[in-house]
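In this note's numbering, the protein residues as written are 122 to 385. Input: a single structure, listed below in structure tokens.
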Ligand code: CIR
């Protein structure tokens, strides 16, 4: 298995009651708190099942979206980067997650210009793709490219389709050369050189999948996309995303994952 999916550790944060007021683009209904708690618990269990040591941070009621720990930071085997989330209501999540990252990583860098959300960052074997979106702007992307270079990582800046929350709302790297992507993102031509598997019609939200070691987490309600991935030989773990989906989230958003260089 490629090192890019060989994770040993993850950080998650319990959802607080305020999660029912989480940000959403479409102005749809609130998720149920118990439903989010159940989806989060099943997700954490799946990470453990996939072999990861999972650190669970306490709920933070002051930040409705703080369960989505992917957005305020980036983590690599060599260190972490504190980001600057593009939604004003999420800016304070960075200071809240920083102590946990300083505890786990010797090197923790900080983005000091512009805005960038972790949901806009796709790691591939060759480079890091940074999607410009309503949450990640050009100043943030350029500053992030400079920080990534300090970790010896090449990066490129790409466009997220209009009206899509994050770049990874619409894609996931599912093996070293294959991306699961929505047709609209595939059409942009951004994945030249990759093999593309398209989400089934009406199942765009299936694209926010997550490869963890030999498992591929996919939203359970996306039956036709799951069938296609099964046929391609992926070891799919279906996970419910009905409630977190109401606040524009999917399966990458609820964890930060990395391969530790010092302990397994
Ligand atoms: C937000 O709008 O920030 C949250 N309601 C959803 C964040 C999803 N995060 C992600 O895709 N990485």
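All C-beta atoms in this analysis are idealised placements derived from N, C-alpha and C, irrespective of residue type, glycine included. No experiment lies behind these values; they were computed from the predicted model shown.
Notebook entry, point to check: What whole-angstrom Cβ distance do residue 367 and residue 145 have, given they're in contact under 8 Å?
Noted result: Taking the chain shown and counting its residues from 1, one reaches residue 367 at position 246. Taking the chain shown and counting its residues from 1, one reaches residue 145 at position 24. Contact flag correct, Cβ pair sits at about 7 Å.
Q) In the structure shown, what three-state DSSP assignment does residue 138 receive? A) Residue 138 sits at position 17 when you count from the first residue of the chain shown. Looking at residue 138 - three-state DSSP - the assignment turns out to be helix.
Next item on the list: Give me every residue whose Cβ sits closer than 7 Å to any heavy atom of the ligand CIR, in chain order.
Entry: The answer, residue by residue, is 143, 144, 145, 186, 189, 191, 192, 208, 211, 238, 239, 240, 286, 287, 289, 290, 329, 368, 369, 370, 371, 373 and 374.
Query raised in the report: Between residue 361 and the rest of its own chain, which residues show a CB-CB distance below 6 Å, the 5 nearest in sequence each way excluded?
Result: Walking along the chain shown from the start, residue 361 turns up at place 240. The residues are 160 and 341.
Q) Does DSSP classify residue 131 as helix, strand or coil? A) For the purposes of this step, residue 131 is taken as the residue at position 10 of the chain shown. The answer is strand: DSSP assigns residue 131 an E or B state.
key: Where residue 198 sits in the DSSP three-state scheme   = On the chain shown, residue 198 is found 77 positions in, with the first residue counted as 1. Coil, per DSSP.
*Buried versus exposed call for residue 211 [16 or more other C-beta atoms within 10 Å across all chains shown]*: By one-based count along the chain shown, residue 211 stands at place 90. Buried, because 16 or more other Cβ atoms sit within 10 Å of the Cβ of residue 211.
* **Terminal residues of the alpha helix (DSSP H) in which residue 154 lies** => Against the chain shown, residue 154 aligns to sequence position 33. The continuous alpha helix (DSSP H) containing residue 154 extends over residues 154 to 170.
- Item | Residue span of the beta strand (DSSP E) that contains residue 304, given as start and end | As a working note, residue 304 is residue 183 in the chain shown. Element bounds for residue 304: not the beta strand (DSSP E) but the alpha helix (DSSP H), 304 to 308.
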